[in-house]
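One structure below.
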Amino acid sequence: MGMSATLKDDASLWSASAEYAFSTLTLTSEYTRSRSNQVSVLPGNTFDITADGGYVMLTWLATRWLQPGAYYSLYFPDISNRHGPRAAANKMPR
């Protein structure tokens, strides 16, 4: 005999990006924010969380076959906790 549980999830996501090219240099960036509001009758499964992240990338067209670049990104799974050891999901250890 099975049981059923009610789960309601209201989620949204938006993103903005930009790219600028000058001569042989290209600068690209993107920012994303998502929000999820989940209500459940199951204990521990109700939450309201907002996450955001983004990246910046710079590339240089050195030759027709070589295009070196640099890339930096951050992702915060919970924007209310931007500090502390587990704030950024891809933060490098010290």
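First residue of the sequence shown: 136, per my numbering; consecutive thereafter. No residue lacks a Cβ here, since even glycine has one placed at the ideal position from N, Cα and C.
With respect to the 7 angstroms criterion, Phe211 and Asp183 are not classified as neighbours on the basis of their beta carbons. Note on geometry: alpha-carbon atoms of Gln202 and Leu196 lie some 5 angstroms from one another. Counting C-beta pairs with one atom in each stretch, the stretch 159-166 and the stretch 174-182 have fewer than three that are closer than 8 angstroms, which means they do not touch.
Bounds of any beta strand (DSSP E) do not take in Ser215, whose DSSP letter is neither H nor E. Within the model, the alpha-carbon separation for Asn172 versus Lys143 is close to 8 angstroms.
In the three-state scheme derived from DSSP, where H, G and I count as helix and E and B as strand, Met138 is classed as coil.
Under the DSSP definition of a beta bridge, Gly189 partners with Tyr166, Leu209.
By the criterion of a C-beta distance shorter than 6 angstroms, Ala140 is surrounded in its chain by Val176, Leu177, once the five residues flanking it on both sides are discounted.
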